[in-house]
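Read in order, the letters of the sequence shown correspond to residues 11 to 186 in this note's numbering. We put the beta carbon where it would ideally sit given N, CA and C, even for glycine. These numbers were taken from a predicted model, which means no experiment stands behind them.
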Amino acid sequence: MSDAWSLAQRRLHWWSAALVVLTGALAVLMVWLPFSQMLAKFLAYQLHKTFGLLVFSVVLVRLVLRARHPAPALTGLSPGVRRLAGIGQAGMYALLLAVPILGWLTGQAAAGPVPTTIFLVIPVPHVLDPNPALYAWLRPVHQVAAYTLLALAAVHAALAVKHHREGVPVFRRMRW
Ligand code: HEM
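As structure tokens, then:
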């Protein structure tokens, strides 16, 4: 068995990491921009939605690849640490799917919903009518789930650096 993930798995891992960071940064920007800068605010929302939906698509492909290819052998970590890492990774996969779905629903429930598009070109269908009560519930749920995902990703990255420093070849397994 190889000691590295497949090329497609490695590339999609780094693409999803970059897209999550970008989507989170755009979330802060789009909310912060004043309504007087309506065009910039609208574009930031559309890019946030676009990159968030790309995260969802990339993660679906990653899950299919993960189901087809077993994880490469990893030596140097105790079974307990490996189990904890597995739980953390399962949590991230769950949030990587849940956060975009919650975001997609949040945008639809908002009063006077803005269309959801990918790069302003491909329309994404809506399944909800505007619903202020549902929006008031969905928005903080999407927000808390997203910040939990970003926090888990930060811990995941910090632990990868720690293991790398201890001589465990985690970055070689996940090299670009
Ligand atoms: C990994 C994917 C995503 C991450 C990390 C993420 C992150 C966030 C965060 C942190 C906020 C809260 C911003 C704040 O209030 O300070 C937010 C808000 C929001 N996001 Fe996402 N999001 C993701 C995907 C999506 C998707 C796919 C959509 C829609 C298709 C979406 C639509 C929204 C909407 C509508 C809001 C509420 C903004 C408001 O009501 O003003 N998000 N997102």
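{"query": "Suppose the cutoff is 6 Å on Cβ atoms and the five residues either side in sequence are ignored; what does the same chain contact list for residue 119 look like?", "result": "138, 141, 144, 145 and 148"}
{"query": "Do residue 109 and residue 54 count as a contact pair if the criterion is CB distance below 7 Å?", "result": "no"}
{"query": "What would DSSP say about residue 126, mapped onto helix, strand or coil?", "result": "strand"}
{"query": "Under 7 Å between the Cβ atoms of residue 14 and residue 82?", "result": "yes"}
{"query": "Quick one: residues in its chain with C-beta nearer than 7 Å to the C-beta of residue 65, no 5 flanking neighbours on either side, listed in chain order?", "result": "26, 29, 30, 33, 106 and 110"}
{"query": "Near residue 62, what residues of its chain come up, given a Cβ to Cβ distance below 6 Å and the 5 sequence neighbours on each side ignored?", "result": "33, 110 and 113"}
{"query": "In the DSSP assignment, find the unbroken alpha helix (DSSP H) run with residue 89 in it and report its ends.", "result": "89–119"}
{"query": "With DSSP collapsed to three states, give me the class of residue 133.", "result": "strand"}
{"query": "If you check the beta carbons only, do residue 126 and residue 59 fall under 7 Å apart?", "result": "yes"}
{"query": "Who are the near neighbours of residue 70 in its chain, counting only those whose CB is closer than 8 Å to its CB and skipping five residues on each side?", "result": "107"}
{"query": "Could you give the DSSP three-state label for residue 158: helix, strand or coil?", "result": "helix"}
{"query": "Secondary structure at residue 178, three-state DSSP: helix, strand or coil?", "result": "coil"}
{"query": "Assign residue 102 to one of two classes, buried (16 or more other C-beta atoms within 10 Å of its C-beta) or exposed (fewer than that).", "result": "buried"}
{"query": "Given that a residue counts as buried once 16 or more other Cβ atoms are within 10 Å of its Cβ, and exposed if not, what is residue 159?", "result": "buried"}
{"query": "Which value, in whole angstroms, describes the spacing of the CA atoms of residue 132 and residue 67?", "result": "14 Å"}
{"query": "Can you tell me which of the three DSSP states residue 35 falls into?", "result": "helix"}
{"query": "With distances taken between CB atoms, is the gap from residue 152 to residue 116 smaller than 7 Å?", "result": "yes"}
{"query": "So, is residue 168 buried or exposed, given that buried needs 16 or more other C-beta atoms within 10 angstroms?", "result": "exposed"}
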